[in-house]
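Structure record follows, encoded as structure tokens.
2 protein chains.
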Amino acid sequence: MTVPILKNYVQGKWFEGRGGLVDIASAVTGETVAKTSSAGVDFKGVLDYARHVGGPALRKLTFHERAYILKDLAKAITDKKEDLYKLSTETGATRKDGWIDIEGGAGTLYSMSSKGRRELPDDVILIDGAPETISREGTFVGQHVYTSRHGVAVLIDAFNFPVWGMLEKLSTALLAGMPAIVKPATQTAYLTEAAVRIMIETGRLPEGALQLVVGSVGDLFDHLIGQDVVSFTGSASTALKLKSHPRVLSEGVRFIAEQDSLNASILGPDAGPDTPEFDLFIKEVVREMTVKAGQKCTAIRRAFVPAALMDAAEAALKARLSKITIGDPALEDARMGALVSAAQCKDVREKIRELAGEARIVHGDIEDVEVIGARAKKDAFISPVLLRCDDPWGAKKVHEVEAFGPVSTLMPYRDLDDAIALADRGEGSLVMSVFTYDGDIARQVVLGAGAFHGRIIVINRDCAKESTGHGSPLPVLVHGGPGRAGGGEELGGVRGVKHYMQRTALQGSPDVISKIVRSWTRGAKTDAGAPHPFRLKFGELELGKTIETAPRTITLEDIEHFAHFTGDTFYAHMDEAAAKANPFFPGRVAHGYLILSFAAGLFVDPAPGPVLANYGLDDLRFLTPVSPGDSIKVRLTAKSKKKRNDDYGEVRWDVSVTNQKGEPVASYDLLTMNAI
Amino acid sequence: MTVPILKNYVQGKWFEGRGGLVDIASAVTGETVAKTSSAGVDFKGVLDYARHVGGPALRKLTFHERAYILKDLAKAITDKKEDLYKLSTETGATRKDGWIDIEGGAGTLYSMSSKGRRELPDDVILIDGAPETISREGTFVGQHVYTSRHGVAVLIDAFNFPVWGMLEKLSTALLAGMPAIVKPATQTAYLTEAAVRIMIETGRLPEGALQLVVGSVGDLFDHLIGQDVVSFTGSASTALKLKSHPRVLSEGVRFIAEQDSLNASILGPDAGPDTPEFDLFIKEVVREMTVKAGQKCTAIRRAFVPAALMDAAEAALKARLSKITIGDPALEDARMGALVSAAQCKDVREKIRELAGEARIVHGDIEDVEVIGARAKKDAFISPVLLRCDDPWGAKKVHEVEAFGPVSTLMPYRDLDDAIALADRGEGSLVMSVFTYDGDIARQVVLGAGAFHGRIIVINRDCAKESTGHGSPLPVLVHGGPGRAGGGEELGGVRGVKHYMQRTALQGSPDVISKIVRSWTRGAKTDAGAPHPFRLKFGELELGKTIETAPRTITLEDIEHFAHFTGDTFYAHMDEAAAKANPFFPGRVAHGYLILSFAAGLFVDPAPGPVLANYGLDDLRFLTPVSPGDSIKVRLTAKSKKKRNDDYGEVRWDVSVTNQKGEPVASYDLLTMNAI
């Protein structure tokens, strides 16, 4: 069989490296499965292409248009997933491991697409927060926004998740409107290349939005600028090298690092051997040791249990670990596959030897391993190794040295504060887990350890069935961690998108701010002329279109009537003396809901028309009480619009109810669904 | 007169440097006004003190308690402002310059204090966004939070705003619960020291929360850890040196840099010499050149005008500049004071000579200056210098070299795209301004230049009177910028606080999450027993306390009655055939406000009690239409609480209205004010 040569996808075409080919070996058989090189790639040209072709094309699309592209990419990967699973086996991954990578990757695209459509506007500017009051008269206002950075997202991935690792970064970069250059780890680049090929072949990506470099990045870093973002996943040493690059430092290139860390798991002091939490803890530690053969930057490296439970925990872990079969990941019987390469396996063995200076191996064998499947060569396989360290404060390496394989160290703690302090000795990690049924213990952990961990998962009997587990980053939650974990942050829905954008504070008149952000701001011009705004279809309705109603007087009879009709006979509406004694009211006042209802009666236009439904209301505040005899009137102004589908779209209206003195009575956003 | 020796405030006491004293000269007279040294300071001890004494003390306080401390610090500075003004004169600052620094500094404390009380909880954990759905059945939920970092905030300030520069950083760090070490620039350290002394003397700061180093930071950087934050304002070269420190890189220390930048101002293509915007532009450029003698990192360094208006703009600028009197800042007649030192003045002259290779000086004289006031020695004074460069694309230094004094360069542009591209040639700046009356032009500028600028201010006739100006960072708006400006971000209200905190994604059962964040989450346990929750005072009410009401059937008569009473005769409520034709309704349905009103009737407890008022409602969504004959019932649960003052506090209730089939009809947060 001919060994395929991987190609770079640069400047709009597939490009085979000019010499310097590197062999990539199968983790299972040791045979060469692909060759790769990026020699001859014009890296400055690649950056320029992204900046001058891909960036402008992506920035012309709205968030929603970009989100629909992500959905189509996800579909394409899902459709061809079996091709990817086949390649995945060669990386040492079982079907279950591959599922995390391949379907987890597609799922991330789907999730970000959905978030993009639901939480981002159908525009290119993202509004950040409410307008800020910065002047007395309101003629000068502040508004924060995010716009797409004008550079390139350089996405450097680790070997362990060649599909997911790319897509978790790519989904947010593309949604943010930034073109990307993907650089996979060489060991598993063939799987990334196949996934990129599937995405390019959809034809849905704008020219220049996605490029692929399979091999060294050459002098790419020498041409980075302040608008670029480097998002890196991998070892701390490589991260340090890259973020120390003179160009990264001098240009202020945004650098997002996600590094391996010494993640901890704590069995709560309340979780004795007879509790469900004890069993859940044992299962989770073993799962995290063996899934992906422990090659996960989120795996549990340090397992802490109450000192009295050390033996019980050790016994339970060993019992469970002994059931792990290891071998050719293509076989259904193999619970754990291979490490990515013989070199990686050798490195893991060396790291275990380092740890064994402070801890003793209580399960597993670093010299030999029993492997099932005829294809499997032993070089990249290793058995799960559990270490036990009884003096975690005297030890140092167990908190610093990561064996990136199926390896974990069991350690005792004295009390909860001690457990927290030990977890924090990892000096920053991606995730920690706590097994407790006690919410107060969980809070104490978050207060003591939150600053050291990007994610904290609390597992107990109530959530175990639905828990996604210690080691699984989710698209809607941030992934990353401080200190040793790199200090970066990815995903987290829209939070992850913002890393590829620039926040800017805008200042100006309400009119100008409204025009810029396409959202009417209080103080900006309104158009209160005919027709009634409810007569205008979604597409015809301009922001600022307003109705100012006639006034309506609210009588004591109205209040009494409303009270008896609705059953809301709260004393502030019914009892003059009691109402007067209330610190907020001058006497009996109208119900807030009566004001809302009368306001609707004032502005509504009853006949069928483009307004289909009132589907909600936001930020309602009652500002001045309404006494019997007061009259109210309403100003309702089209504030912003968001197309939902080809039939209708959401319209947000700014509503202000005032009394006969012009004082504000109520203020809110009204939400309607309007026909296109 | 004895020259005072500045003291460090470290490890809980005032400490005079052991030798190595450096003289600080008055900018006005050149005489020594103070001596300073940090020799002998134990920097590792200073860091440890902050970490082990200051940090824990601050983290025990809630955001509100910290906010009240800021308010008291602001008051103390305001009370002693005249002492500070006196010192400020010696830095070369006029009264107006000093106002920005001293009262602007106190104002920043006041503003952050107010933001902290209004926008942060009375707790130590800050909730970030709504809970995330991560399971089908809802037994496992996600929630992002921020907690205080466990390290030290090292605040390194520039010489130009010795009070404000410290306080804009300190206010956010303290509010976030991080202890701070302040390191002012030596030239003006005497003013910072005086301000620190005032704050320490209030006795309001917890031990270890604030330390001061007047002099070199010695080996402090060698002891930084991943939990620390360095926030730096100053030159790009010093920033580069500090952020390249091996310890900063290896530990992942968060580094916030705010550097000088080549800020641009654009006179819009619509703003001819006869427009108000033209005059506003001229005024603003001159103001930015002369306030603080141009020693502001936000000053306008590059002024762009339509090519045809070059001569008009030059003439107008020169006319205005010629009115600037220069001299002893203690004199009321002096419109502009001195640069901070003779050395700074020499540097500015050199930079102007560099610029003059590409541009010509059209106003000012770098060799000589006319100075008023007998005290004033000429060494640190310079006249405003306007340069003109007619080939901004051919030039390079005008976009790169900053003369940190009263210096600006006037340049032409061809069209708006050209102006934007020229502004972006600064490669990242803190602020740009645009003078236009056209909102579409403003939007185009934000789309083209937003990614390059931390703040964009659009000034025109509508907002000029209330505009705070091109060069003024505001506490509620972010301050910082990408690329050359350092890539950092400060202030922006709560945004600035988050830089000193760590975001963590929490996962767990709704019960556990509710306990951790002290906010009841859907799916968590409720207590629906007696008494009615409205019978409980603020302090007695526990989160999760619930009332589940009896059902009420909504009849067609109710709907008709409500319609005629309120005037809301929208066809969906009144006309069966028309309602059926609507894509959302099965036929005539109840008004949303009828549902809300009936819901209140169901849950309200009418007699006087702890609930004082319903002051609002958030996130209301109508989920399933209610047809005549349907019945609704309500679950209302105490979700979170926030004390407002000693008399009452806000309670947020989670409300769910369901129909007879258990389907969700409406969902919202109800807000009440409850007596303590």
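In order, the protein sequences belong to chains A and B.
Numbering-wise (the numbering used here), the first sequence opens with residue 1 and increments by one.
Numbering-wise (the numbering used here), the second sequence opens with residue 677 and increments by one.
For each residue, glycine too, the CB sits at the ideal point set by N, CA and C.
Just tell me which of the options has its CA closest to the CA of residue i.
i, options, result
"B:I874", "B:S824, B:L1153, B:T754", "B:T754"
"B:S1316", "B:G780, B:L763, B:L796", "B:L796"
"A:T409", "A:F452, A:A442, A:M310", "A:M310"
"B:L881", "B:I1308, B:F1260, B:D748, B:L1219", "B:D748"
"B:T809", "A:S114, A:A130, A:E132", "A:S114"
"A:E548", "A:F534, A:G405, A:D558, A:E557", "A:F534"
"B:L850", "B:H740, B:F719, B:V893, B:H899", "B:H740"
"B:G1354", "B:A1140, B:N1136, B:R1137, B:G1104", "Lying before the first or after the last residue shown, residue 1354 of chain B is absent from chain B, which here runs from 677 to 1352."
"A:S631", "A:D558, A:L541, A:P583", "A:D558"
"B:L723", "B:A975, B:F897, B:T1231", "B:F897"
"B:Y1089", "B:K999, B:A983, B:V962, B:F1279", "B:A983"
"A:L147", "A:V154, A:A176, A:L170, A:I156", "For clarity, residue 147 of chain A is Thr in the given sequence; the question names Leu instead. The option with the nearest alpha carbon to A:T147 is A:A176."
"A:F570", "B:T868, B:G792, B:F1274", "B:F1274"
"B:S713", "B:V967, B:R930, B:V1302, B:I700", "B:I700"
"A:L680", "A:K318, A:I156, A:D418, A:D279", "Chain A is shown only over 1 to 676; residue 680 of chain A falls outside these bounds and no answer can be derived."
"B:G1163", "B:E934, B:T738, B:M1108, B:P1301", "B:E934"
Tell me residue i's beta-bridge partners as DSSP assigns them.
i, result
"A:A613", "A:M673"
"B:G1325", "B:K1319, B:N1350"
"A:M501", "A:S148"
"A:G527", "Reading the sequence as shown, one finds Asp at residue 527 of chain A and not Gly. Per DSSP, A:K545."
"B:G1184", "B:V817"
"B:A710", "B:I700"
Should residue i go down as buried or exposed, given a rule of 16 or more other Cβ atoms within 10 Å for buried?
i, result
"B:W1069", "exposed"
"A:K60", "exposed"
"A:V476", "buried"
"A:G12", "exposed"
"A:G539", "exposed"
"A:I700", "Outside the shown range of chain A (1 to 676) lies residue 700 of chain A, about which nothing can therefore be said."
"B:H1249", "buried"
"B:G696", "exposed"
"B:R727", "buried"
"B:K1309", "buried"
"B:T1001", "exposed"
"B:R1029", "exposed"
"A:N614", "buried"
"A:R18", "exposed"
"A:V3", "exposed"
"B:E1339", "exposed"
Looking at the ligand GDP, does it come within less than 7 Å of residue i, judged from the CB to the closest heavy atom?
i, result
"A:K80", "Looking at this structure, you won't find the ligand GDP or any other ligand, since it has none at all."
- request: Using a Cβ-Cβ cut-off of less than 9 Å, list which residues of the region 613 to 630 of chain A approach chain B; keep chain order.
  value: Taking 9 Å as the Cβ-Cβ cut-off against chain B, the residues of the region 613 to 630 of chain A that qualify are A613, N614, Y615, G616, L617, D618, D619, L620, R621, F622, L623, P625.
message: At a CB distance below 7 Å, what residues from the region 914 to 929 of chain B approach chain A? Give them in sequence order.
response: Under the 7 Å Cβ criterion, the region 914 to 929 of chain B contributes L916, K919, S920, L925, S926, E927, G928.
message: Could you tell me which whole beta strand (DSSP E) segments of length 3 or greater appear in the region 67 to 138 of chain A?
response: Taking only runs of at least 3 residues, the beta strand (DSSP E) segments lying wholly in the region 67 to 138 of chain A are 126 to 133.
- request: Note down, in chain order, all residues in the region 1145 to 1164 of chain B with a beta-carbon under 7 Å from any beta-carbon belonging to chain A.
  value: L1150, V1152, L1153, V1154, P1158, G1159, R1160, G1162, G1163
- prompt: Along the chain, which unbroken stretches of the alpha helix (DSSP H) at least 4 residues long are found entirely within the region 143 to 203 of chain A?
  reply: 164 to 176, 189 to 201
query: When Cβ atoms are compared, which residues of the region 1123 to 1140 of chain B fall closer than 8 Å to chain A?
result: Against chain A - using a Cβ distance shorter than 8 Å - the residues of the region 1123 to 1140 of chain B are L1123, G1126, A1127, F1128, H1129, G1130, R1131, I1132, I1133, V1134, I1135, N1136, D1138, C1139.
task: Run through the region 1205 to 1264 of chain B for me and flag every whole alpha helix (DSSP H) of 4 or more residues, listed as ranges in chain order.
output: 1232 to 1242, 1247 to 1250, 1252 to 1257
field: Segments assigned alpha helix (DSSP H), at least 4 residues, entirely inside the region 914 to 979 of chain B
entry: 922 to 927, 952 to 966
message: Give the list of continuous alpha helix (DSSP H) stretches no shorter than 4 residues that lie fully inside the region 1128 to 1181 of chain B.
response: 1170 to 1174
- request: Identify each residue in the region 1107 to 1120 of chain B for which the Cβ-Cβ distance to at least one residue of chain A is less than 7 Å, and report them in chain order.
  value: G1115, D1116, A1118, R1119
- prompt: Going along the chain, which unbroken runs of the beta strand (DSSP E) with 3 or more residues stay wholly within the region 372 to 426 of chain A?
  reply: 385 to 388, 407 to 413
query: Listed in chain order, which residues of the region 1062 to 1088 of chain B have Cβ atoms closer than 9 Å to some Cβ of chain A?
result: none
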